[in-house]
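First to last, the sequence lines map onto chains A and B.
Quick note: the first sequence uses the numbering used here, first residue 12, plus one each step.
Quick note: the second sequence uses the numbering used here, first residue 12, plus one each step.
Every residue gets a Cβ at the ideal spot worked out from N, C-alpha and C, and that includes glycine.
These numbers were taken from a predicted model, which means no experiment stands behind them.
Below is one structure; the comments refer to it alone.
Number of protein chains: 2
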Amino acid sequence: MPIKVLHSADRRLDALANKCVYSSALKFGKGTELFRERGEAEYAYQVICGAVRTYRLLSDGRRQINSFHLVGDIFGLENGATHRFTADAIVDTEVRVIRRRSLLDAMTNEDGGVNNLLGLITLNLVHAENHMVLLGRKNAFEKVATFLLEMDQRQAQPDKIHLPMSRRDIADYLGLKLETVSRALSKMRDERMLRIDGVRAGNSS
Amino acid sequence: MPIKVLHSADRRLDALANKCVYSSALKFGKGTELFRERGEAEYAYQVICGAVRTYRLLSDGRRQINSFHLVGDIFGLENGATHRFTADAIVDTEVRVIRRRSLLDAMTNEDGGVNNLLGLITLNLVHAENHMVLLGRKNAFEKVATFLLEMDQRQAQPDKIHLPMSRRDIADYLGLKLETVSRALSKMRDERMLRIDGVRAGNSS
DNA sequence: CGTCGCGTTGACAAGGTTCAAATTTGGTGG
DNA sequence: CCACCAAATTTGAACCTTGTCAACGCGACG
């Protein structure tokens, strides 16, 4: 699964990011905006704790969430000069902020040459390609199931999936309405595929 | 619009590709496969004439078309070792085939350094991101309208849109069924938004 | 001239959305 | 610790968009 790869790549960048002189930690309260679509992409970010969503809005308010960024994930590093998404904190979140230039320089000087930036963008592309299949060709139940698998594989925990985001967030990620997401989860619960724990969901499979 | 950018980038690569020693032209009959998902990504391709679709299949046959490649477009150049999509010719198609290695070398020696490969992948990413919004948050009519605008902007012609692909291809690109695409086009015709010409569609706007 | 692939159209079914209400959860203050 | 409130979630019922199934038309081609 691409998500695994994304993680291992992030670990590499993790070590790399730690060496950056010009990185600093910042806190963002729940719902706070980190950067905005079309805004200058001066910094890249890495989640220290918490979770971030990146999304795009249509003029009438419809929202498509591009991805969720969990602990360790790097995001907001653009090839161009501006951000293509808005990013905000799903819960109270702490991020490491790195000057774009500084991170790029560190990357080119490290092991894979410029391959790290290229690799990071390629991972985004792979994720987007997989997500297009989900959005275009899967039904509601499959979408939610795929989402849970993705979240499970991105987390170390064996039998639990922690979902920091709301039903609405999940819906806007999967191209559904929040009620539909809720119904799918209820159905899985009724069919003993999982247990829902208020803040946590444990899959019994 | 990203499509414009994609085109101008392709023009750059066009010139570049022309300099490649190890490129050769190949013909593929309608419906023929150029490469397959998971297959070794030894070559990159550029459409000389005709059109190509790249897509992914679910195990039960559902198909998500990732993109259509028209004259001038470069595709099939992967960062990794294997293709992530299957590609086949929509109509009888002629492509320039370039050894991956050869193209990459030419790229690193050219103007923007490795930026050309990075730029190409970034353009794919931008396209995918836009397409996710379409797939996740637009209704059938909006999807078809957006598709027609995309095709229009990718073609030089002022008032006509040539659609080499079938209704089924369009549907699998937009996350719809072919009947729904047909109905949307009929509605646009009925509302005088366009004229349908058998093989061609001209937009009156 | 018959067949085949493709596109259009109609009638109906179904999955997902919408709207509304009930219920649970989490936070806050007494 | 408990009561209360706001927000999030769940659930139900009606509705609508899109999918499904089927018939028909058209042009290409043998």
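Within chain A, partners of residue i - CB distance below 8 angstroms
i: methionine 143 (chain B); result: Gln75, Asn77, Ala139, His142, Met143 and Leu146
i: isoleucine 132 (chain B); result: Leu129, Ile132, Thr133 and Leu136
Own chain, CB closer than 7 angstroms to residue i, minus 5 neighbours either side, in chain order
i: leucine 196 (chain A); result: Val155 and Ile207
i: glutamate 48 (chain A); result: Arg67, His94, Arg95, Phe96 and Thr97
i: valine 108 (chain A); result: Ser34, Ser35, Leu37, Tyr54 and Tyr56
i: methionine 176 (chain B); result: Ala62, Arg64, Phe79 and Ile101
Neighbour flag for residue i against chain A, beta carbons, 9 angstroms
i: leucine 88 (chain B); result: no
i: arginine 200 (chain B); result: no
i: leucine 185 (chain B); result: yes
i: lysine 149 (chain B); result: yes
i: glycine 42 (chain B); result: no
For residue i, the first and last residue of its enclosing beta strand (DSSP E)
i: threonine 97 (chain B); result: 97-100
i: aspartate 208 (chain A); result: 205-208
i: serine 35 (chain B); result: 34-39
i: glutamate 153 (chain B); result: Taken as a continuous stretch (DSSP letters only), glutamate 153 (chain B) belongs to no beta strand (DSSP E), being part of the alpha helix (DSSP H) at 151-164.
i: threonine 43 (chain A); result: Here threonine 43 (chain A) belongs to no beta strand (DSSP E), and DSSP marks it neither H nor E.
i: histidine 94 (chain B); result: Premise fails: histidine 94 (chain B) is in no beta strand (DSSP E) and is neither H nor E.
i: glutamine 168 (chain A); result: Taken as a continuous stretch (DSSP letters only), glutamine 168 (chain A) belongs to no beta strand (DSSP E), as it is neither H nor E.
i: valine 108 (chain B); result: 104-110
i: arginine 64 (chain A); result: 63-68
i: valine 90 (chain A); result: First, the residue type needs correcting, since residue 90 (chain A) is asparagine and not valine in the sequence shown. Asparagine 90 (chain A) -> no beta strand (DSSP E), and no H or E assigned at all.
i: arginine 74 (chain B); result: 74-80
Residue i at chain B interface by Cβ criterion, 9 angstroms
i: phenylalanine 96 (chain A); result: yes
i: lysine 15 (chain A); result: Caution is warranted here: a pLDDT of 33 is assigned to lysine 15 (chain A), below 50, making its placement in the model unreliable, and the coordinate value is therefore given only provisionally. So no, lysine 15 (chain A) is outside the interface.
i: glycine 91 (chain A); result: yes
i: aspartate 208 (chain A); result: no
Neighbourhood of residue i by C-beta, 6 angstroms cutoff - its chain only, sequence neighbours within 5 removed
i: arginine 178 (chain B); result: Leu189, Val192 and Ser193
i: methionine 162 (chain B); result: Ile172
i: lysine 38 (chain B); result: Glu105
i: tyrosine 287 (chain B); result: Chain B is shown from 12 up to 216; residue 287 (chain B) falls before or after that span and cannot be answered.
i: methionine 118 (chain B); result: Asn127 and Leu128
Alpha helix (DSSP H) segment containing residue i, residue limits
i: valine 58 (chain A); result: It is not in any alpha helix (DSSP H) - valine 58 (chain A) instead sits in the beta strand (DSSP E) that spans 54-60.
i: aspartate 183 (chain A); result: 178-185
i: tyrosine 191 (chain B); result: First, the residue type needs correcting, since residue 191 (chain B) is threonine and not tyrosine in the sequence shown. Start and end: 189-201.
Where residue i meets chain B, residues with beta-carbon distance less than 9 angstroms
i: leucine 37 (chain A); result: Near leucine 37 (chain A) there are no residues of chain B at all, since even the closest Cβ is about 25 angstroms away, more than 9 angstroms.
Contact list for residue i against chain A, beta-carbon separation under 7 angstroms
i: arginine 67 (chain B); result: Val144
Cutoff 8 angstroms; reference residue i; Cβ partners in own chain excluding five residues on either side
i: alanine 139 (chain B); result: Asn77
i: aspartate 103 (chain A); result: Lys38, Phe39, Gly40, Lys41 and Gly61
i: aspartate 201 (chain B); result: none
Given 8 angstroms as the limit, is there contact between the stretch 89-97 of chain A and the stretch 58-72 of chain A, that is, 3 or more CB pairs closer than that?
yes
Is it true that the stretch 44-63 of chain A meets the stretch 80-87 of chain A, where meeting means three or more beta-carbon pairs spaced less than 8 angstroms apart?
yes
Taking contact to mean 3 or more Cβ pairs, one atom from each stretch, closer than 8 angstroms, check whether the stretch 143-150 of chain A and the stretch 128-148 of chain B are in contact.
yes
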